[in-house]
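A.B. asks: According to the working numbering, the stretch in the sequence shown is residues 1 to 345, in order.
Before I ask anything, let me first share the structure, which is written out below as structure tokens.
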Amino acid sequence: MGKDTALKGNNAKAAVLVFLILIVSLFHFLIPTEPHTSHKIHIILRKLYFLPPVMAAAWFGLRGAIWTTAVVSAAFTIHAFLDWPGNYMEQANQLGELASFWVVGLVPGWLFDRQRSLMAKVARANEETLVALVSALDMRERNTRLHSQRVRDYTLLLADRYGVPEEARSVIGLGALLHDVGKIAVPDHILLKPSGLSDAEWEEMRRHPDEGFRLLQRIDFLREAAEIVHDHHERFDGSGYPRGLKGEEIPIGARLFAVADAFDALTSNRPYHSAEGYDEAARVIREKSGSDFDPAVVEVFGKVDSAEWGRIRERYAEKTQQFPLPEDPNSGPKGEGQGEGDIVD
């Protein structure tokens, strides 16, 4: 879905460039160079040839600028050949403009490519820093550093099948990766307690979405992801925390994450239960559709082939078991449900 959207956007930009070149060329060829008034218009049209190479450089980088500049140069050269001026100054002027097309196309194209490359490196460095942070948090709580990365990929798989645009998926991925960052404020004697929590301890634990939200809100590029961190324990029926949001009041990223996180919790070993297989996990999620989870997201979850979940789990299989996949992904499991607090941390 995201790739299709990007392709449509690029096609639209290419169409704008083609249209602009055709219009400028058409008037350039049709309007005579004499009399003087027409000659002024002619000069303006020649200057408009500079627009497509610069636009192509901004939209498509160096490669796009080369192709666009070549087309513009061809159109300009054909007109110059058909209407070559006898004035030497005008001849030099046109040759200078022809060379200038390549300068204004290639230099910005190279600079835009360089800028994109540098921005990509910064983005990778930021992501690696965030992954290191959440890996440390995961090891602190779960003795494995891959939980948050696995849940992020589960969430992104659901987001893709749900039809979430690419830009929004990037935000959702960050929110899923950082969902438990607020647990950095939870004391070890509560976070690592092997037995059940007291009411006071549970209240302390429930502060972590607020703490994570406050932490991420201070970082400009994480402010949108902070909303998902804030609401990742909300439930579709309004019984979640910290704000008791209900239905579509909960951001779509948090609704997608809730299903992904529950699936990971059910198919992983936890102090309070052993890992379930795919069938049982899917049954529990369907059972809680409309209460814990958005029914539309649960429906999308059910349409994803079990092998795709398995591939993600294998990718992050450090110190974890592989859940058994069903022989028939469309056959529903049967059995007893789990308790209200047995799905997610």
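Idealized CB from N, CA, C, for every residue including glycine.
All values reported here derive from a predicted model rather than from experimental measurement.
#1: So the alpha helix (DSSP H) E287 belongs to, where does it begin and stop?
#2: If you draw a straight line from the C-alpha of L178 to the C-alpha of L118, how long is it?
#3: Flag this pair as touching only if the segment 200 to 208 and the segment 150 to 158 have three or more C-beta atom pairs under 8 Å; answer yes or no.
#4: Return helix, strand or coil for H346, following the three-state DSSP convention.
#5: Which ranges does the beta strand (DSSP E) cover as unbroken runs of at least 3 residues, wholly within the segment 86 to 163, from first to last along the chain?
#6: Less than 8 Å between the beta carbons of V171 and G253, yes or no?
#7: With H, G and I counted as helix, E and B as strand and the rest as coil, what does DSSP make of F50?
#8: Just curious, the alpha helix (DSSP H) that K183 is in, first and last residue?
#9: Going by CA-CA distance only, name the one from A57, F76, W59, A65 that's closest to I23.
#10: Whole-angstrom Cβ separation of F293 and A258, contact assumed at under 8 Å?
#11: DSSP three-state label for F221, please.
#12: Whole angstroms is fine: what's the gap from K8's alpha carbon to A159's?
#13: Starting from K193, trace the alpha helix (DSSP H) in both directions and tell me its first and last residue.
#14: Indicate whether the contact test is met: 3 or more Cβ pairs, each with one atom in the segment 216 to 230 and one in the segment 272 to 281, closer than 8 Å.
C.D. replies: Judging by the given coordinates:
#1: Counting from one through the sequence shown, the residue named residue 287 turns up at place 287. It spans 278 to 287 - the alpha helix (DSSP H) in which E287 sits, taken as one unbroken run.
#2: Translated into positions along the sequence shown, residue 178 becomes position 178. Translated into positions along the sequence shown, residue 118 becomes position 118. Answer to the nearest angstrom: the Cα atoms are 24 Å apart.
#3: With contact defined as three or more Cβ pairs closer than 8 Å, the segment 200 to 208 and the segment 150 to 158 are not in contact.
#4: Residue 346 is absent from the structure shown; the chain starts at 1 and stops at 345.
#5: List check, beta strand (DSSP E) in window: nothing returned.
#6: Counted from its first residue, the sequence shown places residue 171 at position 171. Counted from its first residue, the sequence shown places residue 253 at position 253. Yes.
#7: Here residue 50 is taken as the residue at index 50 of the sequence shown, counted from 1. In the displayed model, F50 falls within coil according to three-state DSSP, outside both helix and strand.
#8: As a working note, residue 183 is residue 183 in the sequence shown. Per DSSP, K183 belongs to no alpha helix (DSSP H) and is neither H nor E.
#9: To locate residue 23, count along the sequence shown from 1; it is residue 23. The residue among A57, F76, W59, A65 with its C-alpha nearest the C-alpha of I23 is F76.
#10: As a first step, residue 293 is located in the sequence shown; it is residue number 293 there, counting from the start. As a first step, residue 258 is located in the sequence shown; it is residue number 258 there, counting from the start. Separation of the CB atoms of F293 and A258 is rounded to 6 Å, and the pair is thereby assigned contact status at 8 Å.
#11: Taking the first residue of the sequence shown as position 1, residue 221 is located at position 221. Helix, per DSSP.
#12: Along the sequence shown, one-based indexing puts residue 8 at 8. Along the sequence shown, one-based indexing puts residue 159 at 159. Those two C-alpha atoms are separated by around 19 Å.
#13: Position 193 of the sequence shown holds residue 193. Looking at the DSSP string, K193 is not in any alpha helix (DSSP H), and its letter there is neither H nor E.
#14: Short answer: they don't touch.
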